[in-house]
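Okay, structure first, notes after.
Protein chains: 2
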Amino acid sequence: MPKPPSFTHAAAAVQAAVYSKHSGSDDQSLQIPLHVGDTWMEPAVGCRMQDLTIDEHPGMHRYTPVQGLPTLRHAIARHHARLSGVHTDTANVIVTAGATAGLAAAVGALVAPGESVLLAAPYWPLIAGSIRAFNAHPIDVPLMTDEHLNDVQSADQAVARFEAARTESTVAVYWNTPHNPTGRLMPRDWLEALTQWADQHNLWILSDDVYERYVFSGEHVYTRSLAPDRTISVHSFSKSYGMAGNRCGYLVAPAAAISAINRIMTNINYSACTASQLAALNALGPAGERWVASARDQYAELGAWAADRLGVQQPEGSTFLFIDVTETLKHDQYAGDLSRLLQALAEHNVLVAPGPSFGPYPNHIRLCFTATEPERMRSGVEQLARFIAGASPGQQQ
Amino acid sequence: MPKPPSFTHAAAAVQAAVYSKHSGSDDQSLQIPLHVGDTWMEPAVGCRMQDLTIDEHPGMHRYTPVQGLPTLRHAIARHHARLSGVHTDTANVIVTAGATAGLAAAVGALVAPGESVLLAAPYWPLIAGSIRAFNAHPIDVPLMTDEHLNDVQSADQAVARFEAARTESTVAVYWNTPHNPTGRLMPRDWLEALTQWADQHNLWILSDDVYERYVFSGEHVYTRSLAPDRTISVHSFSKSYGMAGNRCGYLVAPAAAISAINRIMTNINYSACTASQLAALNALGPAGERWVASARDQYAELGAWAADRLGVQQPEGSTFLFIDVTETLKHDQYAGDLSRLLQALAEHNVLVAPGPSFGPYPNHIRLCFTATEPERMRSGVEQLARFIAGASPGQQQ
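Protein sequence lines, in the order shown, are assigned to chains A and B.
Mapping of the first sequence onto our numbering: position 162 corresponds to residue 194, and the numbering continues sequentially without gaps.
Mapping of the second sequence onto our numbering: position 159 corresponds to residue 191, and the numbering continues sequentially without gaps.
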């Protein structure tokens, strides 16, 4: 019997269960899932699958062009131009099967094996895995946690952090703002300095703006507005309009980059789901805009409440808090081991994501304050607060 | 002004417009699209997006697990076991965003940069692009056209073709049956010999069975039934149930391979669309089975008619004919140049796919006899037949 064939180095180097390796009750109705970025809200009326009929959209279960429905690309170009203030043509837009598939196609088009991409850390976990899947190297640039933000006061210091990590093999940088996982915004002066530095060193910029609609205080600056010639701007209907399961997002970039990304995407993914594209088109109308406004108000209140309850700074945007649990881990029952705390939380049916998925953060956890119904989220955060305070949590009710 | 950053070799090496670079009338209602593999039929009642409501499926626009809805994976395992006769657990199944995304994740998990994959040619075009996107090498093994089938009469000769192309860097083979683009089936004795040969040389087998439900004569042999330990069996709801736009397929493979593929897929794609998965689950019920039976009868009749009209062998399966137009290209107006014939056809609004997208076939075209309504398809084939016969086609009506 011959030995089975082997897997690639890349397959061994990437993780699957980035958000939680732990599980609580087998009864999912008892779980409080704060670990994945999602929303408890159904999409706006008119933007749900049940609203899309074959009478109105004959052939709606057939292929679309790889780049997306022409009507949707056109609507996205107008929408992005309105939000960002940057001139945007349809040729600057490609619809993708979620931001994840879009970023993967961008990595495939822009980053060769052995090259490196600098990641503003902590970062959205899948970008590191995507870079590894294409046999390139993600390089951490710790920057966005309170601990590092205290060191990095100026734009020059932020640039110095990136420059210290740059090598001859560096071809791109990645950052996201509003920031997953910390809830911070990257300041305008940082982005101005960083885009100038990227220009000097001729780097692509992967700017992940998927939480663009969820800013609670301060200003969201579109990186593309500062460096339109080298920015791949990453967007998602998932986060903006509560349709993460639809797997539909888009990239806005120079037309030549869109063309290269399209070639890779054709071959590794083809297109986004046709019905998801029709739902996205509807979401760009007034009903979607009302949904965003309502969601933003609720998310802001929930984020502020959760931050206050946990004694951390209120989020400026996104749907996350990233919490330093160093002190908690000093208790005997954890012995400095984050996974013990995560397991203990899971046994109380509270699921949160482990810091190491987001970079070199062995003592952090991430929670999403919009992933489940507000009352359930509040109950999970109350339990989490008791764990963090080190009070002996009561037995599960 | 710094020069813009560059693209990867892979992005330059792959194509986007594999099915047609030509276009006819701007009025799409006049076009006869025989170039893409699709169907004119709407999915079965109960399997359309409009049938999936938030009342019945609360949270249906949220993420599913990356591997797919547990209920769907379970149903697929039972379905595949019933069709193939091979014992199949849920751990052998991963739901993918179409067969394309599934194959790409498999390539990323199994094929390292610089390694090679042997392709039974002609082949489904995107597999070559997917391999190139991961910086590996697709190697053509011409085998399935009439010209080569006449040379390759025995299973031993088929194996000899593959063995002649194998090198130390070869880690996998790819074939599809029922065959896109020729409409042939790979004979059982070939598959038996080829799987033994793959065993001897410890190769992964990517067996693309997406047309498994569309067999008109002869026997479809599941490669996985002959080599379950090394076969990645590729399937699609797109082709089986008329929902190509939903981007939902699945792989069946050894559990260790599913685990490695899942790790890559998590990072470059995440999951298939949730609603598409719910539609797929419904398609595996009685309504889907009736749909398949009806489609198969109609497809068989249409394929036989088109083959007769074009003077080629009737298809044994799939939804395609692959036609040698060498004689036609000898006419002065084409001067041996396939693209001139494709352009002339496009000017008469008949779109077909170019042979070179499928391997070393400069004098072939592919047509899909199910891509558009039967009357329109017949009209396109009538025009194509006149072109092939070299009769001066009339001016467009």
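Note that the Cβ used here is the ideal one computed from N, Cα and C, for glycine as well.
CB contact check: residue 298(B) to chain A, cutoff 8 Å: yes
So which of 274(A), 192(A) and 150(A) has the shortest CA-CA distance to residue 237(A)? 150(A)
Closest residue to residue 96(A) among 276(B), 384(B) and 418(B) (Cα-Cα distance): 276(B)
Residue 199(A) (DSSP reduced to helix, strand or coil): coil
Assign residue 357(B) to one of three DSSP states: helix, strand, or coil. coil
Taking the alpha helix (DSSP H) that residue 102(B) falls in, what are its first and last residues? 102-116
For residue 248(B), tell me which candidate among 350(B), 84(B), 385(B) and 129(B) has the shortest Cα-Cα distance. 350(B)
Leaving out the 5 sequence neighbours to the left and right, which residues in its chain are closer than 6 Å to residue 161(B) when beta-carbon positions are compared? 46
Under 8 Å between C-beta atoms, does residue 410(A) make it to chain B? no
How is the alpha helix (DSSP H) around residue 413(A) delimited, first residue to last? 406-421
Cβ of residue 305(A) within 8 Å of any chain B Cβ: yes
Can you name the residues of chain A whose CB is closer than 8 Å to the CB of residue 144(B)? 40, 41, 42 and 167
Going by the beta-carbon positions, is the gap between residue 272(B) and residue 117(B) smaller than 8 Å? no
Per-residue burial, residue 347(B) [other beta carbons within 10 Å of its own, 16 or more giving buried]: buried
For residue 119(A), write down the residues that DSSP places opposite it in a beta bridge. DSSP, once it has assigned bridges, lists no residue as partnering residue 119(A).
Assuming residue 399(B) contacts residue 386(B) (C-beta within less than 8 Å), just tell me the rounded distance between them. Wrong, their Cβ atoms sit about 11 Å apart, outside the cutoff.
In its own chain, which residues sit with a C-beta less than 6 Å from the C-beta of residue 437(B), not counting the 5 before and 5 after it? Summary: the structure shown does not reach residue 437(B), with chain B confined to residues 33 through 429, and so no result is reported for it.
Report the partner residues of residue 284(B) according to the DSSP bridge assignment. 125(B) and 265(B)
Taking the alpha-carbon of residue 241(A) as reference, which of 397(A), 284(A) and 356(A) has the nearest alpha-carbon? 284(A)
At a Cβ cut of 7 Å, what residues of the segment 112-146 of chain B count as close to chain A, listed as they run along the chain? 129, 130, 132, 133, 136, 140, 141, 142, 143, 144 and 145
At least one CB of chain A closer than 8 Å to the CB of residue 37(B): is that the case? yes
Residue 172(A), DSSP secondary structure in three states: strand
DSSP state of residue 136(B) mapped onto helix, strand, coil: helix
For residue 123(A) and residue 220(A), what's the separation of their Cα atoms in angstroms? 27 Å
Measuring alpha carbon to alpha carbon, tell me which of 68(B), 50(B), 180(B) and 190(B) ends up nearest residue 382(B). 68(B)
Inter-stretch contact at 8 Å, needing at least 3 Cβ pairs: the segment 156-175 of chain A / the segment 304-322 of chain B: no
Residues bridged to residue 364(A) (per DSSP): Residue 364(A) is not bridged to any residue.
Cutoff 8 Å: residue 397(A) Cβ touching any chain B Cβ: no
Listed in chain order, which residues of the segment 66-79 of chain B have Cβ atoms closer than 7 Å to some Cβ of chain A? 68, 70, 74 and 75
Nearest to residue 352(A) by CA position, among 322(A), 183(A) and 154(A), is which residue? 154(A)
Can you tell me the Cα-Cα spacing of residue 39(A) and residue 165(A), whole angstroms? 12 Å
In the structure shown, what three-state DSSP assignment does residue 192(A) receive? helix
Please state if the CB of residue 301(B) and the CB of residue 465(B) are separated by a distance shorter than 8 Å. This structure gives no information on residue 465(B), because the portion of chain B shown stretches from 33 to 429.
For the alpha helix (DSSP H) containing residue 308(A), name the first residue and the last one. 306-315
Quick one: what's residue 234(A) bridged to in DSSP? For residue 234(A), which the question treats as bridged, DSSP gives no partner whatsoever.
Spatial neighbours of residue 314(A) in its chain, beta-carbon cut-off 6 Å, leaving aside the 5 residues before and after: 78 and 79
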